[in-house]
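This report refers to the structure that appears directly beneath it.
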Amino acid sequence: MVETAVQAKAADLIKAASFVVVLTGAGVSQESGVPTFRGKDGLWDKYDVTTLATLDAFIGDPEYVWKWYDYRRNLLTSVRPNEGHYALTRLEDWCSSHGKEFSLVTQNIDDLHRVAGSKRIYEIHGNIWQVKCLNACTNKIYEMRESPLGKIPPECPDCNGILRPNIVWFGEMLDPFVIHSVEADLLECDLLFTVGTSTTVYPAASFPLTIRSRGHPVIEINVEETEFTPLATLFIKGLSGHSLPGIVDLLS
Ligand code: BJW
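Using our numbering, the first residue of the sequence shown is number 178, and each one after it goes up by one.
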């Protein structure tokens with residue numbers, strides 16, 4: 178199917194749905210200039226995940242890990258949402274004005290969906306602009322926008338311990354309140370989009386499988402096929418910043 182025909186089919190599936198959930202990954206921010214994790218030019222090509230994105234790595238060398246996050250935070254200060262982010266905001270608005278439920282589940286930590294105006298967002302892997310105490314002294318989450326950071330590692334204002342990024346590293350549990358809300362929405366959802374994600378990291382990788390196993394459609398948008406593609410109801414091969422606006426333009 179040529180892209181416009183698949184986009185029209187996707188628009189029809191949205192019109193027929195009552196609860197649309199969109200799962201996004203790093204590919205959605207790629208056109209804003211944020212590197213993805215896997216594949217060509219992916220972050221993990223240049224850095225060793227085990228020395229950076231685990232709690233053990235952080236405890237072993239908080240300064241080293243913080244320098245990596247400080248560098249990425251700095252990059253993000255000059256980054257703007259792209260047409261894909263804005264199309265998802267338009268989709269949410271369209272759903273709400275047509276009596277449909279909508280939620281956006283993102284694995285991205287870059288805040289760009291919020292900047293673009295999305296409202297019902299679950300950031301399941303956290304947010305790079307937030308920090309929390311490594312000792313969990315108060316369980317508070319702080320917003321910390323300073324970039325570059327004046328002091329590395331930053332200090333907890335409550336116990337003078339070390340602050341860590343509020344990001345879910347490998348082997349860590351996702352926030353139980355967030356994951357509970359996502360699961361509740363997935364239970365109600367009758368159309369799921371997966372956009373710009375390799376669908377390799379759990380539990381997010383299980384969401385499209387869950388929806389398909391309940392007999393509901395899943396539309397995948399990606400520049401290349403993933404392990405999930407053979408199970409997708411529709412696969413739209415393309416840039417999210419091009420494919421998503423094309424679909425939303427077809428809604429009336
Ligand atoms: C475009 C595009 C364009 C490019 N347009 N497309 C069950 C089975 C097996 C393993 C596990 C399991 N349960 C838990 C695990 C362990 C682990 C896991 O899943 N490992 C897998 C690697 C197998 N999961 C966890 O540890 C999770 N915790 C958990 O489940 O707790 C309970 C538990 C713990 C331990 C054991 C059992 C249970 C936590 C996962 C946290 C993930 N955190 C990271 C790093 C954050 C750090 C940081 O950013 O600094 O989050 S990993 C990294 O991958 C990041 C991302 O959010 C995540 C997903 O990546 P994403 O978004 O899909 O990006 P890419 O790069 O992979 O793909 C981009 C895609 O876009 C590509 O397909 C491109 O083609 C495409 N693309 N440009 C459209 N313009």
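Beta carbons are placed, not taken as given, at the ideal position from N, Cα and C, and that holds for glycine.
Keep in mind it's a predicted model, so treat the numbers as computed, not measured.
Look at serine 195 here: in three-state DSSP terms it is coil, with no helix or strand label.
Valine 282 and leucine 364 have their C-alpha atoms roughly 14 Å apart. Relative to the non-hydrogen atoms of ligand 1, the Cβ of glutamine 184 never comes closer than 8 Å to any of them. Between ligand 1 and valine 199, a heavy atom-to-CB distance of less than 8 Å is absent. A direct Cα-to-Cα measurement between threonine 387 and asparagine 337 gives close to 43 Å. Taken through DSSP and simplified to helix, strand or coil, serine 417 comes out as helix.
Two segments are said to touch when three or more pairs of C-beta atoms, one from each, lie closer than 8 Å; by this definition the stretch 230-239 does not touch the stretch 391-399. In this structure, the alpha-carbon of glycine 261 lies about 5 Å from that of serine 417. With 16 or more other Cβ atoms inside 10 Å of its own Cβ, proline 385 counts as buried. In this structure valine 425 is in contact with leucine 268, their Cβ atoms being roughly 5 Å apart against a cut-off of 8 Å. Comparing alpha carbon positions, the residue from Pro342, Asn312, Asp335, Gln207 closest to glutamate 323 is Pro342.
The Cβ atoms of cysteine 366 and aspartate 335 lie no closer than 9 Å to each other. Look at the beta carbons and you see the stretch 326-335 touching the stretch 302-316: at least three pairs across the two are nearer than 8 Å. In this structure, the beta-carbon distance from leucine 368 to alanine 193 falls below 9 Å. Going by beta carbons, glutamine 284 and leucine 200 fall inside the 9 Å limit.
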